[in-house]
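One structure below.
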Amino acid sequence: MTMKFLQSRNLSLLFWIAVSGIVSYSGAQFEPGTWYQSIQKPELTPPGWVFPVVWTSLYIMMAIAAWKVWLQVLSFTETAIWLYMVKMLLNASWSYIFFGVHIIWLSVVNILALFFVIVVLIYLFNKISKTAAKLMIPYAIWVGFASFLNIRIWMLN
4 MTMKFLQSRN
14 LSLLFWIAVS
24 GIVSYSGAQF
34 EPGTWYQSIQ
44 KPELTPPGWV
54 FPVVWTSLYI
64 MMAIAAWKVW
74 LQVLSFTETA
84 IWLYMVKMLL
94 NASWSYIFFG
104 VHIIWLSVVN
114 ILALFFVIVV
124 LIYLFNKISK
134 TAAKLMIPYA
144 IWVGFASFLN
154 IRIWMLN
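Now the structure itself:
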């Protein structure tokens with residue numbers, strides 16, 4: 004491998020880590036606050052410290068998955084990357100909808116759309132890079148669980 008190729012690979016990994024960091028940061032701008040403390044939550048709601056630990060790990064895995072797909076030149080790689088960006092937008096907007104403007108029913112619609120996009124992404128990623136697809140599975144599981152919590156919060160409030 005040439006040094007230029009290695010540099011471009013490393014730069015593209017840094018790019019995907021930066022994208023994940025920006026989306027993570029934008030979502031973190033809407034903290035739970037007093038509103039969240041005042042609403043009823045399901046018994047399975049994890050303690051607050053769990054969320055930043057899980058999300059940090061997931062964003063790192065998502066960045067690596069996107070990077071592995073980005074490195075491949077296949078006819079549907081571009082479609083997968085665009086869908087990945089839609090997923091990132093849905094992910095970031097959930098925090099605004101739920102924690103920012105407190106529209107619980109709309110956050111349910113958002114998170115279910117997000118879950119659907121993640122499942123489609125895993126399917127597409129699997130055609131491009133099996134490793135990338137596997138890296139997205141914990142994210143799908145977590146968003147599935149978060150969807151359950153979101154629906155229960157909507158029902159309880």
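Residue numbers (our numbering): 4 to 160. Every residue, glycine too, gets a C-beta built ideally from N, C-alpha and C. Just so it is clear, the structure is predicted and the values come from calculations on it, not from any experiment.
*Would you report the Cα separation of Gly36 and Gly103, rounded to the nearest angstrom?*
Taking the Cα positions, Gly36 is about 10 Å away from Gly103.
*Backbone secondary structure at Glu81 - three-state DSSP*: Helix, per DSSP.
*Name the two residues that bound the continuous alpha helix (DSSP H) containing Lys130.*
Unbroken alpha helix (DSSP H) run through Lys130: 107-131.
_Complete runs of the alpha helix (DSSP H) confined to the stretch 34-97 [at least 4 residues]_ = The alpha helix (DSSP H) runs of length 4 or more contained entirely in the stretch 34-97 are, from start to end of the chain, 36-41, 53-73.
_Within a Cβ cutoff of 8 Å, which residues of the same chain sit near Leu115, ignoring the five residues on either side of it in sequence?_
Correct list, in chain order: Ser150.
*Does DSSP put Asn153 in a helix, a strand or coil?*
Reduced to three states, the DSSP call for Asn153 is helix.
*In three-state DSSP terms, what is Val146?*
Note: Val146 maps to helix in three-state DSSP.
_Please report the distance separating the alpha-carbon of Gly147 from that of Val76._
A direct Cα-Cα distance of roughly 30 Å separates Gly147 from Val76.
*Skipping 5 residues on each side, what residues in its chain have a beta carbon closer than 7 Å to that of Ile140?*
The answer, listed in chain order, is Ile125.
*Nonlocal neighbours in the same chain, by C-beta distance under 7 Å from Asn160, ignoring five residues either side*: Counting only Cβ-Cβ distances below 7 Å, and skipping sequence neighbours, we find Ile42, Gln43, Ile107.
*So, is Ser27 buried or exposed, given that buried needs 16 or more other C-beta atoms within 10 angstroms?*
With at least 16 other beta carbons inside 10 angstroms of its own, Ser27 counts as buried.
*Flag Trp70 as yes if its beta-carbon sits less than 9 Å from any beta-carbon of chain E, otherwise no.*
This model lacks chain E altogether, as it is built from one protein chain only.
*Which whole-angstrom value describes the C-beta separation of Phe128 and Ala66, a residue pair presumed to lie in contact below a C-beta threshold of 8 Å?*
About 13 Å separates the Cβ atoms of Phe128 and Ala66, ruling out a contact at the 8 Å cut-off.
*Within the present structure, is the beta-carbon of Ala21 separated from the nearest heavy atom of the ligand NAP by less than 8 Å?*
As for the ligand NAP, it is missing from this structure, which has no ligand bound.
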